Amino acid sequence: MAEHPIEGLMKTAMESIKEMVDVNTVVGDPVETPDGSVIIPVSRVACGFAAGGGEYAVGANGKNQGESSGAPFGGGSGAGVSVQPMGFLVVGNGQIRLLPVDDSHALFDRLIDAAPQMLNQIQSMFNRGKNAGTTGPTQPIV
């Protein structure tokens, strides 16, 4: 069975998208700084694809209308790719931080970054309380 012309259009468009977008587009190549930290760019990638076509009607004399010979098909396809930088992962000094490009999510990012430090402080408070023989705060709350 012969390949339908729309399959060729779709195949060409998808191969073009495949060449433009790979894993290195979303998570970029790491860059090492002189102090030993590693910076990794992170992006958001969005793709769109459309294809369509139609066949010409056959006239009363058996010939295709609008075409003298060949496949009675007309069609097209298109694709688009959008790459938006989101932030940078910074790995170094025993920690991993996400530095966003825009500040719209800055509060949540700061909370997530501060969570391990807060947990360590809470854990150390309980450990100090156990060592002192009490389970509550070591100083009265005023």
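If you use my numbering, the sequence shown corresponds to residues 78 to 219, in order. Idealized CB from N, CA, C, for every residue including glycine. From a predicted model like this one, the values you see are computed outputs, not experimental measurements.
For residue i, the nearest candidate out of the options (CA to CA)
i	options	result
alanine 156	Leu196, Val178, Ala128	Ala128
isoleucine 94	Ile83, Val158, Asn101, Met202	Val158
aspartate 106	Ile116, Ile83, Gly206, Ala123	Ile116
methionine 91	Asp112, Thr110, Ser154	Ser154
Check whether residue i and residue j have beta carbons under 8 Å apart
i	j	result
serine 120	valine 160	yes
valine 100	valine 122	no
glycine 125	isoleucine 83	no
7 Å Cβ shell around residue i - same chain, five flanking residues per side excluded
i	result
glycine 85	none
leucine 176	Gly164, Phe165, Val167
Three-state class that DSSP yields for residue i in the structure shown
i	result
serine 114	coil
valine 98	coil
glycine 105	coil
Close Cβ partners of residue i (< 8 Å) along its chain, the five nearest in sequence each way excluded
i	result
glutamate 144	At glutamate 144, the pLDDT of 48 sits below 50, so the modelled position is not reliable; the number obtained from the coordinates is stated separately. Taken in chain order, the residues that qualify are Tyr133.
histidine 81	Phe150
Residue range of the unbroken beta strand (DSSP E) whose run includes residue i
i	result
alanine 134	No beta strand (DSSP E) contains alanine 134, which DSSP labels as neither H nor E.
glycine 171	Here glycine 171 belongs to no beta strand (DSSP E), and DSSP marks it neither H nor E.
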